[in-house]
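Following: one structure in structure tokens, then a few remarks.
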Amino acid sequence: MRQTVPLGRIAGIPVAVHWTVLVIALLLAQGLAGVVLPANAPGRETGAYWLVALAVAGVFLGSVLAHEAAHALVARHYGVRVRRITLWLLGGVAELDSQPPHPRADLLIALAGPAVSAGCAVLFGAAAVEAHRFGSSPLAEASLGWLALVNGMLAVFNLLPGAPLDGGRILRAILWRVRGDRAAAQRTAGRVGFVLGVLVLAIGAAEVLLVADLGGLWLMLIGAFLATAARAEQAGDDLAALLGGTRVDDVMTAPAVCGGEWQSVASFVEAVASRVPHRRFPVVDLDGRPMGTVGLSELARVPARRQPVVRLRDVLVPLARTRIVAADTPLAEVAMSALPPLALVVAQGRVIGVLSPGDVERAVQLALVRVRQAGAAAD
Numbered sequence: 162m163r164q165t166v167p168l169g170r171i172a173g174i175p176v177a178v179h180w181t182v183l184v185i186a187l188l189l190a191q192g193l194a195g196v197v198l199p200a201n202a203p204g205r206e207t208g209a210y211w212l213v214a215l216a217v218a219g220v221f222l223g224s225v226l227a228h229e230a231a232h233a234l235v236a237r238h239y240g241v242r243v244r245r246i247t248l249w250l251l252g253g254v255a256e257l258d259s260q261p262p263h264p265r266a267d268l269l270i271a272l273a274g275p276a277v278s279a280g281c282a283v284l285f286g287a288a289a290v291e292a293h294r295f296g297s298s299p300l301a302e303a304s305l306g307w308l309a310l311v312n313g314m315l316a317v318f319n320l321l322p323g324a325p326l327d328g329g330r331i332l333r334a335i336l337w338r339v340r341g342d343r344a345a346a347q348r349t350a351g352r353v354g355f356v357l358g359v360l361v362l363a364i365g366a367a368e369v370l371l372v373a374d375l376g377g378l379w380l381m382l383i384g385a386f387l388a389t390a391a392r393a394e395q396a397g398d399d400l401a402a403l404l405g406g407t408r409v410d411d412v413m414t415a416p417a418v419c420g421g422e423w424q425s426v427a428s429f430v431e432a433v434a435s436r437v438p439h440r441r442f443p444v445v446d447l448d449g450r451p452m453g454t455v456g457l458s459e460l461a462r463v464p465a466r467r468q469p470v471v472r473l474r475d476v477l478v479p480l481a482r483t484r485i486v487a488a489d490t491p492l493a494e495v496a497m498s499a500l501p502p503l504a505l506v507v508a509q510g511r512v513i514g515v516l517s518p519g520d521v522e523r524a525v526q527l528a529l530v531r532v533r534q535a536g537a538a539a540d
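Going by the numbering used here, the first residue of the sequence shown is number 162, and it counts up by one from there.
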């Protein structure tokens with residue numbers, strides 16, 4: 162099952178939506194149609210409440226997208242690679258492929274999102290005031306007021322000083338500037354984020370157990386996410402420190418053993434697959450440009466009598482579904498992502514190597530050996 166659906170691009174940055182956004186959209190709409198709108202604009206039909214509620218929930222998700230787009234655009238301004246923006250159950254995330262170059266960039270990237278949310282809160286609040294002053298529809302007034310409130314809450318919540326929230330990044334940037342050590346600053350922000358997550362989880366549990374308020378389940382979910390994400394970020398920074406300046410081209414398998422898209426399955430199996438101890442291979446066209454990958458699993462599905470006539474182009478996994486990494490990508494960034502069985506390392510439109518989870522694991526283990534050797538030498 163595909164977890165995310167592409168929505169398009171913002172200034173060239175891919176935007177995707179996770180299926181769980183449907184859950185949060187329906188929950189928001191239910192709260193609006195069942196409670197907020199009837200309380201502030203009574204006397205309407207249920208269908209009218211739901212129609213407005215769904216539209217308002219969509220506008221709010223649009224403001225969340227604006228929040229994440231602000232992070233992404235400021236990050237790109239400072240030379241930070243942005244993989245994509247994804248909306249999901251608990252909001253959104255701008256996935257950055259590299260670290261900010263200095264504390265000021267880190268600070269401004271972190272501030273961009275809450276600043277946009279605060280701006281949305283002010284704009285919607287001003288619109289609600291004007292709607293009231295001119296005697297507009299109570300439904301419109303209530304909707305604008307709700308949008309102002311939740312955007313304000315989003316801005317404030319994200320400024321809490323713990324990773325992975327924006328406030329944690331702000332804290333990291335400040336400590337980085339003061340101490341001159343980004344890794345130490347990240348460790349502090351991660352610890353604060355973990356404590357914050359546990360505290361939010363505990364408050365939610367208390368609401369459920371002591372007050373019988375099921376709304377506490379949301380706090381428990383958010384708290385668990387914050388604590389887990391804080392630990393994951395710290396693990397990522399520890400891994401980056403361990404690997405140092407190691408890049409993808411330092412550990413990739415090169416040159417890559419490729420198949421030609423014009424080759425028959427039979428000839429490829431005989432000449433390559435049966436002689437090279439790999440399970441997946443890049444496939445290139447006549448000009449050497451990557452077309453995708455083919456694995457033993459795809460080859461095995463071709464009946465024996467068809468193997469002399471079926472070409473690799475007929476069975477390959479297309480390039481759109483293949484992970485491509487740049488040769489100069491820090492290995493730690495790749496190691497913290499979900500690496501497929503084979504990623505292609507491409508430069509100037511040609512495959513210069515391949516990277517597998519085994520390559521990454523070997524590099525990490527070698528780095529650990531070197532650290533222990535250095536520690537033993539120091540003793």
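Heads up, the beta-carbon is just placed ideally off N, CA and C, and yes, glycines get one too.
**Asked** Leaving out five residues before and five after residue 497 in sequence, what residues of the same chain have Cβ atoms less than 6 Å from its Cβ?
**Response** 397
**Request:** Could you check the C-alpha separation between residue 338 and residue 192 for me, to the nearest Å?
**Result:** 43 Å
**Asked** DSSP three-state call for residue 322: helix, strand or coil?
**Response** coil
**Message:** Considering Cα atoms alone, identify which of 485, 303 and 350 is closest to residue 201.
**Reply:** 303
**Asked** If residue 449 sits next to residue 533, beta carbons under 8 Å apart, how far is it from one beta carbon to the other, in whole angstroms?
**Response** Not really, about 42 Å apart at Cβ, beyond 8 Å.
**Request:** Could you spell out the range, first to last residue, of the alpha helix (DSSP H) harbouring residue 379?
**Result:** 377-404
**Candidates 293, 189, 509 and 495, of which the one nearest residue 516 by Cα** = 495
**Message:** Please identify the residue among 277, 280, 278 and 307 whose C-alpha is closest to the C-alpha of residue 289.
**Reply:** 307
**Request:** Check residue 179 in the structure and name its three-state DSSP category.
**Result:** strand
**Request:** Note the first and the last residue of the continuous alpha helix (DSSP H) segment covering residue 229.
**Result:** 207-238
**Prompt:** According to the Cβ coordinates, are residue 505 and residue 441 closer than 8 Å?
**Reply:** no
**Boundaries (first-last residue) of the beta strand (DSSP E) holding residue 247** = 243-249
**Item:** Distance between residue 287 and residue 162 (C-alpha atoms, nearest Å)
**Value:** Note that residue 162 scores 43 on pLDDT, short of 50, meaning its location in the model is unreliable; the coordinates nonetheless yield the value given after this. Between residue 162 and residue 287, the C-alpha separation is close to 43 Å.
**Prompt:** DSSP state of residue 478, grouped into three classes?
**Reply:** strand
**Prompt:** In the structure shown, what three-state DSSP assignment does residue 348 receive?
**Reply:** helix
**Item:** Test item: CB-CB of residue 412 and residue 500 under 8 Å
**Value:** no
**Prompt:** Nearest to residue 369 by CA position, among 360, 359, 381 and 358, is which residue?
**Reply:** 381
**Prompt:** Do you know how far the Cα of residue 215 is from the Cα of residue 187?
**Reply:** 8 Å
**Prompt:** Thinking C-alpha only, which one of 485, 282, 271 and 165 is nearest residue 409?
**Reply:** 485
**Message:** Can you tell me whether residue 425 is helix, strand or coil according to DSSP?
**Reply:** strand
**Request:** Compare the beta carbon distance of residue 255 and residue 282 with 8 Å and say whether it is the shorter of the two.
**Result:** no
**Item:** Range of the contiguous beta strand (DSSP E) that encloses residue 282
**Value:** Run containing residue 282: none in the beta strand (DSSP E); it sits in the alpha helix (DSSP H), 264-294.
**Request:** Name the residue from 213, 177 and 522 whose alpha carbon lies nearest to the alpha carbon of residue 403.
**Result:** 522
**Request:** Starting from the C-beta of residue 417, find all residues in its chain whose C-beta is less than 6 Å away, skip the five residues before and the five after it, and write them out in chain order.
**Result:** 443, 512, 514 and 515
**Asked** If residue 246 sits next to residue 353, beta carbons under 8 Å apart, how far is it from one beta carbon to the other, in whole angstroms?
**Response** Wrong, their Cβ atoms sit about 26 Å apart, outside the cutoff.
**Asked** Can you tell me where the alpha helix (DSSP H) with residue 494 in it begins and where it stops?
**Response** 492-496
**Closest by C-alpha distance to residue 239, when choosing among 253, 258 and 350** = 258
**Asked** In angstroms, rounded to a whole number, what distance separates the CA positions of residue 190 and residue 218?
**Response** 6 Å
**Request:** For the alpha helix (DSSP H) holding residue 412, just list the boundary residues, first then last.
**Result:** 409-412
**Asked** Under the rule that 16 or more other beta-carbon atoms within 10 Å means buried, what is residue 437, buried or exposed?
**Response** exposed
**Prompt:** Below 8 Å between beta carbons: does that hold for residue 329 and residue 350?
**Reply:** yes
**Message:** In whole angstroms, give me the CA-to-CA distance for residue 268 and residue 331.
**Reply:** 5 Å
**Asked** Is the Cβ-Cβ distance between residue 280 and residue 229 less than 8 Å?
**Response** no
**Message:** So if DSSP puts residue 457 in a beta bridge, which residue, or which two residues, is it bridged to?
**Reply:** Residue 457 pairs with nothing; no bridge assigned.
**Asked** Since residue 331 sits in a beta bridge, which residues does DSSP pair it with?
**Response** Partner(s): none; residue 331 has no beta bridge.
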